[in-house]
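Below: the structure, in structure tokens.
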Amino acid sequence: MNYQNTSTVLSISGLNKDFYSQKKIVPVLRSLNLEIRRGEFICIVGGSGCGKSTLLRIIAGLENNYTGSVLLDEHPVQGPGTDRGVVFQEHRLFPWLTVKENIAFGLTERNSESSRSVMEHIKLVGLSGFEQAYPHQLSGGMAQRASIARAIVNRPEILLMDEPFGALDAFTKIQMHEEVQHIRAVEETTVIMVTHDIDEAVYLADRVVVMSNRPGTIRNTYRIDIPHPRDRHSAEFVEYRKRIFGEFFAQVKTSQDYII
Amino acid sequence: MNALVGFIVPAILVGIWELLSRVGYFPPNWLPAPTVVLATTIDLARHEELLQHIGITIYRVAAGFAIGVAVATVFGALSGCSQWFRKLIDPLLQALRNIPSMAWVPLFLLWLGIQESSKITLIAVGVFFPVYLNLMSGIMHLDIKLIEVGRVFNLKKIALVRRVVLPAAMPAFITGIRTGLGLGWMFVVAAELMGASKGLGFLMNDGQMTGRPAIIIASIVLFAICGKISDMFVVYAGSRFLRYKEN
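In order, the protein sequences belong to chains H and W. FYI, the numbering for the first sequence is 4 to 263, going by our numbering. FYI, the numbering for the second sequence is 522 to 768, going by our numbering.
See below:
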């Protein structure tokens, strides 16, 4: 799909973010610029500690004290809002609520239409029959699906996912990739997903944003021009993967020179 | 069936007790037979005297418990939610907690007199601490990640406390309430032994003074029954909030 002609939904420019630890300033993000178009699926890949999760948290409105601008629909992001849905690495479902109650947790209003939306989303993520189950009764994959349903039940402008499948086993992960494709096709949501799994990124994304380490900044962006459903073993898929791998390999090699 | 297994050993012990009392191995002025205790209880109940004693004791526990829980909930919630409030008030409360509860008795008697208010205050003090401590630590050890989910959905402070903080702290709160209720029953005995003209504790004291062990034993059994029933009631009320933990 080509999203080059749709409008910009998220615009980040000149973003800087520091952390303070023991009176030292640790730069996390430096002069980061990113434009995301409506309906795009963006995967942000980078090593651990490169600031990719911090970037996502800034977009979610969970982090303050940054400089630069983060505009959502041309309005500066000021704290969290229901126009953004968030899925964390852990499912973070409320243990005292059933699947259905968890998904309905964030509803901005409660009426017959919103309760229909809850049922629709339970069906969309394939949890029909588990409405009354409690989180501890679910498998890791099912819990994460409930968490995705909770994030999109208000039909947010953007779905933000922070390594959502990082804790799942390889088989469940591949199954979840199909689910996400399906959800995205139905909901037509813009998706920004942070991951350290290059394979996952190439499989899902319209654009893969590669971040470099300390301070985090955008190293390169790849537009993945392969139609869905993608074949993980096709020549072009492997080629993209190789090129993105190359970005990290170069970086790792230089840092390893010191060790040897 | 499994529930009945627990009754086997007590039933055997009561049987042996009955037998040994009957044959005179236990002197009646020392340990009367279970059937004698039962007969004494029925006799007391027939004169409506017993119901009055039980009623006043339950009233004292209930009033002290209600006051203790109410005050502890406010303080526990504030100490749990606000670091500032905790720093201000928690050291004092921790210090007061270390005072043996019986040490308050002379002071409460002096301040509040021999009537109901000194007894109820003593019980409230006993109930206060476990409820306060459990609620505070329940809130303090909340999973910050769940709070963040609340923030993601743009919940404001009060909604966050109502929909995330309180339900998450509920198991600890209920544990505190159960412990508090147990202490409430303990303290009512102490309060009534010290000076009362009615109540199960008074009945025990009276049994001791007049050399009637059957009355003392009957009172002990009644205390146990009242304590167990009230605990069951709390567990039942709490299970509504904790049903998610069942399998």
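Where is the CB? At the ideal position from N, CA and C, for every residue including glycine.
In this structure, the alpha-carbon of residue 199 of chain H lies about 25 Å from that of residue 664 of chain W. Look at residue 137 of chain H here: in three-state DSSP terms it is coil, with no helix or strand label. The stretch 136-220 of chain H is shown to contain whole alpha helix (DSSP H) runs of 4 or more residues at 143-155, 173-190 and 201-207, in chain order. When the five nearest sequence neighbours on each side are left out, the beta carbons in the same chain lying within less than 6 Å of the beta carbon of residue 577 of chain W are those of 719 and 720, in order along the chain. Interface criterion met: the Cβ of residue 98 of chain H is under 9 Å from a Cβ in chain W. Taking C-beta atoms as the reference points, residue 153 of chain H and residue 88 of chain H count as a pair closer than 9 Å. DSSP places residue 88 of chain H inside the beta strand (DSSP E), whose first and last residues are 87-90. Ranked by Cα distance from residue 190 of chain H, the first of H:158, H:103, H:229 and H:56 is H:158. Counting only runs that start and end inside the stretch 57-101 of chain H, there is no alpha helix (DSSP H) element of at least 4 residues.
Across the set W:628, W:661 and W:549, the C-alpha of W:549 shows the shortest separation from the C-alpha of residue 734 of chain W. Assignment of alpha helix (DSSP H) within the stretch 664-729 of chain W, counting only whole runs of 4 or more residues, yields 665-673, 678-681 and 687-715 in chain order.
Here the stretch 66-83 of chain H makes no contact with the stretch 176-189 of chain H; the two share fewer than three CB pairs at distances below 8 Å. Residue contact with chain H for residue 571 of chain W: absent (no Cβ-Cβ distance below 9 Å to any residue of chain H).
Fully contained in the stretch 554-642 of chain W are the following alpha helix (DSSP H) runs of length 4 or more, in chain order: 555-567, 570-602, 604-618 and 626-633. Residue 163 of chain H is positioned such that its CB atom lies closer than 9 Å to that of residue 59 of chain H. In terms of CA proximity to residue 244 of chain H, H:48 leads the group H:131, H:48, H:215 and H:10.
DSSP places residue 550 of chain W in the coil class of the three-state scheme, outside both helix and strand. Flagged as an interface residue toward chain H: residue 670 of chain W, by a C-beta distance shorter than 9 Å. Shown in chain order are the members of the stretch 53-70 of chain H whose Cβ falls below 7 Å from a Cβ of chain W: 63 and 65.
Identification of chain W residues near residue 137 of chain H by a Cβ-Cβ cut-off of 8 Å yields 765, ordered along the chain.
Contact note: residue 667 of chain W reaches chain H through 95 and 97, using a C-beta cutoff of 8 Å and chain order. Per DSSP, the unbroken alpha helix (DSSP H) holding residue 531 of chain W starts and ends at 529-543.
A Cβ-Cβ separation of about 4 Å places residue 225 of chain H in contact with residue 211 of chain H under the 8 Å criterion.
For the 9 Å CB-CB criterion, residue 750 of chain W and residue 725 of chain W do not form a contact. Under DSSP, residue 11 of chain H takes part in a beta bridge, and its partners are H:40. Exclusion of the five residues before and after residue 208 of chain H leaves 44, 45, 46 and 227 as the residues of its chain whose Cβ lies within less than 7 Å of its Cβ. For residue 237 of chain H, there is no enclosing alpha helix (DSSP H), as DSSP marks it with neither H nor E.
Contact of residue 684 of chain W with chain H is assigned, a C-beta pair being separated by under 9 Å. For the stretch 207-227 of chain H, no residue has a beta-carbon sitting nearer than 7 Å to a beta-carbon of chain W. Residue pairing by DSSP places residue 32 of chain H opposite H:20 and H:219 in a beta bridge.
Residue burial annotation: residue 605 of chain W is exposed, with fewer than 16 other C-beta atoms found within 10 angstroms of its C-beta. Assignment of beta-bridge partners to residue 243 of chain H by DSSP yields no partner. Using a CB distance cut-off of 9 Å, residue 89 of chain H counts as an interface residue toward chain W. Contact annotation: residue 161 of chain H and residue 192 of chain H have beta-carbon atoms nearer than 9 Å.
Contact check for residue 626 of chain W and residue 691 of chain W: beta-carbon distance about 34 Å, past the 8 Å limit, so the pair fails to qualify.
With 16 or more other Cβ atoms inside 10 Å of its own Cβ, residue 649 of chain W counts as buried.
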